[in-house]
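Q: Reading the sequence shown from the start, the letters are residues 30 to 429 in my numbering. Even for Gly, the Cβ is constructed at its ideal location relative to N, Cα and C. Structure in structure tokens, see below.
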Amino acid sequence: MKKVFAILVAIVLSLSIVACGETGNEGDNDNNSKIENPYYSKSLNLSEKIFEDFWLPSNRMMAYVPEYISGDIDSDLSGTAALWSYGAVLTMVGTMAKLDPEYSLNRERMSMMLKGLEEFRLPRKARVYSATVGLSEPYYDDNAWVALGMYDFVEVEGEDSECRTIAKDITDYVLSGESVNGGIFWKESVASRNTCSSGPAIVAALKEYKLSEDKKYLEAAKRIYDWTHDTLCDPLDNVYWDNATYDENTGTEIISKPKFTYNSGTMIWAGTMLYEITGNAEYLEDAKKTAEGSFAYFTMQNSNGVSYFPATPWFNLYLLQGYLSLYNIDGNNEYVEAFAKNLDIAWENGRDENGYVMPNWGVGAVLDEYKYVSLLQEAATAECYALIAGYQIKKGEQQI
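This is how it looks when you write it as structure tokens:
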């Protein structure tokens, strides 16, 4: 039965992926980008390196680190990239394609990423992707990040594309991980409900609601948001803690209190979307408070007084997404401009001998676990450059 299922999946994929990853009107594509923006140029530069050095065409996968350094590091940091890192490339490609949809290379990469994504798919009726290639346990947060990338693909390919179905299917799986006690589980076998799974689940649900107008997605988003905000937002600084586990014996939540940039970022993003959809100003106030608190908590200053972020580019990417979503509403670009300046320093001072941007972005210390160029961090950095490019282009249009 497993073999029959696999054959059927392969047949469906051969049809659906073409519909999703390849445009039906090749005349709309261009072999050269027409966007002239320094940040987008940097994003293109890094993305080209990523597909040259990390892509494994023999199995449609990505390597965790470039082949030229894979033999010099610990074995657990080498080999084929997990879904987490692969998804980082997928969202990078989606962001770049939204910004520059007529550039044929962006469309080609969308198709490549979609085909490779199916190597992670588990043999279930529901669409769900394994944490690694094979039959390992899926994570709700890994799938949520992929869902966000798929909604970007929908913006490029249109609502009639197969991307639309894939995005909805993944979102449905992620939302199925909601606990009766509130929040989205981190993965199927653990009791913790994490901000890193709940935050992107809210954003994905709201993106689905905006497309379908099915109120069950809006209600799910509000319900998950309320639990995450009430349970995991530190009332002292409005920055989000990591996760909570419900203690059945005492009826209380046991809070794990580390703070990471992406958790606050996705909740800022979620709050701004809920405000835009519902008009409830409390969501916007929540977002503003967390933006202010997270900037104060996470940024440090170098000797020149320039604010910089932790050496965790992929986490920081989602903080930037949150700041951009807030800027689009209130016009306060302080936090976004800080990111732009940090990325300027990264390009000038933070690149290695191969042209990759190191995780510390040119300032501060590089943690041992981030001292090598990795797919996760490099794809996130490339996406950050693309997001700043989009911000600048939009800002320029508003000034005309």
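1) Taking the beta strand (DSSP E) that residue 276 falls in, what are its first and last residues?
2) With which residues is residue 92 paired in a DSSP beta bridge?
3) Kindly confirm or deny that the region 316-334 and the region 202-217 touch, where touching means at least three C-beta pairs closer than 8 Å.
4) Name the residue from 301, 291, 289, 271 whose alpha carbon lies nearest to the alpha carbon of residue 282.
5) In the DSSP assignment, the beta strand (DSSP E) including residue 377 goes from what residue to what residue?
6) Taking 8 Å as the CB-CB cut-off, is residue 181 touching chain C?
7) So what does DSSP say about residue 136, is it helix, strand or coil?
8) Using a 10 Å radius around the Cβ and a threshold of 16 neighbouring Cβ atoms, would you call residue 71 buried or exposed?
9) Locate the beta strand (DSSP E) running through residue 282, then write down its first and last residues.
10) For residue 287, does the count of other Cβ atoms within 10 angstroms reach 16, so buried, or fall short, so exposed?
11) Please list the segments of the alpha helix (DSSP H) lying wholly inside the region 187-224, counting only runs of 4 or more residues, in order along the chain.
12) Expressed to the nearest angstrom, what Euclidean distance is found between the alpha-carbon atoms of residue 364 and residue 189?
13) Closer than 8 Å is the cut-off here; do at least three beta carbon pairs connect the region 287-299 with the region 339-352?
14) If distances are taken between C-alpha atoms only, which option among 172, 261, 137, 280 comes closest to residue 232?
15) Pick helix, strand or coil for residue 5, following the three-state DSSP scheme.
16) Between the Cα of residue 93 and the Cα atoms of 114, 76, 87, which residue gives the shortest distance?
17) Going by CA-CA distance only, name the one from 179, 285, 89, 408 that's closest to residue 220.
18) Does DSSP classify residue 337 as helix, strand or coil?
19) Go ahead and label residue 85 buried or exposed: buried means 16 or more other beta carbons lie within 10 angstroms of its beta carbon, across all protein chains shown.
20) Identify, in the order they occur along the chain, each residue of the same chain with its Cβ nearer than 6 Å to the Cβ of residue 312, setting aside the five sequence neighbours on each side.
21) Is residue 159 buried or exposed, if buried means 16 or more other CB atoms sit within 10 Å of its CB?
22) Could you tell me the boundaries of the alpha helix (DSSP H) in which residue 295 lies?
23) Near residue 204, what residues of its chain come up, given a Cβ to Cβ distance below 7 Å and the 5 sequence neighbours on each side ignored?
A: Let me lay it out:
1) Start at 1 with the first residue of the sequence shown, and residue 276 comes out as number 247. That run of the beta strand (DSSP E) goes 272-276.
2) Translated into positions along the sequence shown, residue 92 becomes position 63. Beta-bridge pairing links residue 92 to 109.
3) no
4) Locating residue 282 in the sequence shown gives position 253, where the first residue counts as 1. Out of 301, 291, 289, 271, 271 has the C-alpha closest to the C-alpha of residue 282.
5) Here the question's residue 377 lines up with position 348 in the sequence shown. First-last for residue 377: 363-378, but that is the alpha helix (DSSP H), not the beta strand (DSSP E).
6) The question asks about chain C, but that chain is absent: this structure has only one protein chain.
7) Reading the sequence shown from its first residue, position 107 is the one you call residue 136. Correct three-state label for residue 136: helix.
8) Stepping through the sequence shown from its first residue, residue 71 is reached at position 42. Residue 71 comes out buried.
9) Numbered from its first residue, the sequence shown carries residue 282 at position 253. Here the beta strand (DSSP E) through residue 282 covers 281-285.
10) Against the sequence shown, residue 287 aligns to sequence position 258. By the 10 Å Cβ count, residue 287 comes out exposed.
11) 191-204
12) Within the sequence shown, residue 364 is the residue found at index 335, counting from 1. Within the sequence shown, residue 189 is the residue found at index 160, counting from 1. Looking at the two C-alpha atoms, the distance is approximately 36 Å.
13) yes
14) Stepping through the sequence shown from its first residue, residue 232 is reached at position 203. With distances taken between Cα atoms, residue 232 lies closest to 172.
15) This structure does not reach residue 5, given that the chain is present from 30 up to 429, and the question cannot be answered.
16) Reading the sequence shown from its first residue, position 64 is the one you call residue 93. Closest by alpha carbon: 114.
17) Residue numbering aside, residue 220 sits at position 191 when the sequence shown is read from its first letter. Comparing Cα-Cα distances from residue 220 to each of 179, 285, 89, 408, the minimum goes to 285.
18) The residue you call residue 337 lines up with position 308 of the sequence shown. Strand at residue 337.
19) Locating residue 85 in the sequence shown gives position 56, where the first residue counts as 1. Result: exposed.
20) One-based indexing of the sequence shown puts residue 312 at position 283. Closer than 6 Å at Cβ, skipping near neighbours: 300, 303, 304.
21) The count along the sequence shown starts at 1 and reaches residue 159 at position 130. Label assigned to residue 159: buried.
22) Taking the sequence shown and counting its residues from 1, the one referred to as residue 295 is at position 266. 290-307 is the extent of the alpha helix (DSSP H) around residue 295.
23) Against the sequence shown, residue 204 aligns to sequence position 175. Answer for residue 204: 230, 234, 249, listed in chain order.
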